[in-house]
Amino acid sequence: MMSNSVRADAVMSGLFFLAAPGVTAGLVPWLLTGWAYDGPFGWAQGAGIALAAAGLALVVAAFVQFVIEGHGTPAPTAPTELLVVGGLYRWVRNPMYVAVAAMIGGQALFFEDRGVAIWLVVFCAAVWTFTVAYEQPTLRRRYGAQYATYCENVPGWYPRLTPWQPEESR
């Protein structure tokens with residue numbers, strides 16, 4: 022049975038999911054393309070579907086991990102109580118951002134659209150700036166040595182080859 026706090030976290034996470042990835046990986050590409058494609062179905066369309074679908078699955082998994090392990094949401098208004106280092110976070114520190122970038126990149130491939138490709142670059146630059154200027158310093162202050170150890174062992178933007186095993190779980 023799901024506790025009331027987990028249920029509330031799930032609702033907040035769902036709303037944030039619609040607001041953040043829904044806008045960046047859904048609304049903006051739709052505004053740029055109308056999600057209309059009448060060209061032939063080739064390798065770019067197949068790769069685009071695969072990349073966007075993988076990104077969607079990964080962003081959902083990362084959101085769920087935030088609620089279950091962190092007892093909070095990615096939303097700054099309802100942050101996690103604990104540092105999330107399990108699941109996808111054992112491979113890469115920013116799986117949500119990487120997954121959303123994959124969703125945008127998949128659409129750029131599928132639609133063969135330069136505007137969506139440019140949006141991907143803008144999104145990546147904005148997310149990198151946000152993480153460096155706000156998110157990382159905030160997490161360093163909040164979690165101290167635990168976050169520093171995590172950063173030493175898990176890359177921010179590309180996955181490790183093997184999942185990180187924090188000392189306390191060994």
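Residue numbers for the sequence shown follow the working numbering, beginning at 22 and rising by one.
Glycine included, every Cβ here is placed at the ideal spot set by N, Cα and C.
Exposure of residue i, with buried meaning 16 or more beta-carbon neighbours within 10 Å
i: Gln186; result: exposed
i: Glu188; result: exposed
i: Leu52; result: exposed
i: Tyr18; result: The structure shown does not extend to residue 18, since the chain is modelled only from 22 through 191, so no value can be given for it.
i: Leu160; result: buried
i: Trp140; result: buried
Which listed residue (the options) has its alpha carbon closest to that of residue i
i: Tyr110; options: Ala74, Gln86 and Phe62; result: Gln86
i: Arg163; options: Glu102, Ala71 and Phe38; result: Glu102
i: Thr14; options: Ala65, Ile70, Gly108 and Val119; result: Past the edges of the chain, shown from 22 to 191, lies residue 14, and the structure says nothing about it.
i: Val121; options: Leu72, Pro180 and Pro97; result: Leu72
i: Val32; options: His92, Tyr179, Gly67 and Tyr58; result: His92
Distance between beta carbons of residue j and residue i, contact taken as under 8 Å
i: Asn115; j: Gly177; result: 5 Å
i: Ala138; j: Ala129; result: 4 Å
i: Thr94; j: Phe37; result: 5 Å
Limits of the unbroken alpha helix (DSSP H) element including residue i
i: Leu141; result: Arg135 to Phe151
i: Thr170; result: Ala166 to Asn174
i: Ala154; result: Run containing Ala154: none; DSSP gives neither H nor E here.
i: Ala98; result: Per the sequence presented here, residue 98 reads as Thr, with Ala not at that position. Neither: Thr98 is in no alpha helix (DSSP H) and is coded neither H nor E.
i: Phe84; result: Trp64 to Gly91
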